[in-house]
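Numbering (my numbering), first residue to last: 803 to 948.
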């Protein structure tokens, strides 16, 4: 994973502070003078700076860990919702298929009954009239389409 902007800024700041605290090499002809007190102070400053940087990075890491947990929780919640929605859509599709087949069967059954009645009755004319009335009835009172 790539470092965050905060970590990059902290690293750049650390480099700048270290460069300011430790000037470049001494010019030729200048003696290097270190006292024990100065060395201890420099070490203390470096330690305090690194400790503060460690503390900041630790806080950022804890923040990212809590965000990760929150994102995982949201993912699980959305996954469960998606699964539930998918199940409901399949139920509705099954219901629509059932209703359509029942409606289709209900529409075909009267035609068969009329055909049987027509064959039992006297003539084709009478059967045609019955069928015509039934079709007119269907056109007038048809159920709404699904």
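The beta carbon of each residue, even a glycine, is placed where N, CA and C say it ideally should be.
* Asked: What is the rounded straight-line gap between the Cα of residue 897 and the Cα of residue 864?
  -> The count along the chain shown starts at 1 and reaches residue 897 at position 95. The count along the chain shown starts at 1 and reaches residue 864 at position 62. In this structure, the straight-line span from the alpha carbon of residue 897 to that of residue 864 is close to 50 Å.
* Asked: Can you give the Cα-Cα distance for residue 868 and residue 904, rounded to whole angstroms?
  -> Taking the chain shown and counting its residues from 1, the one referred to as residue 868 is at position 66. Taking the chain shown and counting its residues from 1, the one referred to as residue 904 is at position 102. Spanning the two alpha carbons is a distance of roughly 54 Å.
* Asked: So what's residue 849 in DSSP terms, helix, strand or just coil?
  -> Here residue 849 refers to the residue found at position 47 when the chain shown is read from its first residue. Residue state, collapsed to three classes: helix.
* Mapping DSSP to helix, strand and coil, what is residue 897? -> The residue given as residue 897 occupies position 95 in the chain shown. Here residue 897 sits in helix by DSSP.
* residue 949 (DSSP reduced to helix, strand or coil) -> In the structure as shown, the chain starts at 803 and stops at 948, and residue 949 therefore has no counterpart that could be examined.
* **Distance between residue 842 and residue 836 (C-alpha atoms, nearest Å)** => Within the chain shown, the letter at position 34 stands for residue 836. Within the chain shown, the letter at position 40 stands for residue 842. Computed Cα separation, rounded: 10 Å.
* **Cα-Cα separation, residue 875 to residue 890** => Within the chain shown, the letter at position 73 stands for residue 875. Within the chain shown, the letter at position 88 stands for residue 890. In this structure, the CA atom of residue 875 is about 23 Å from the CA atom of residue 890.
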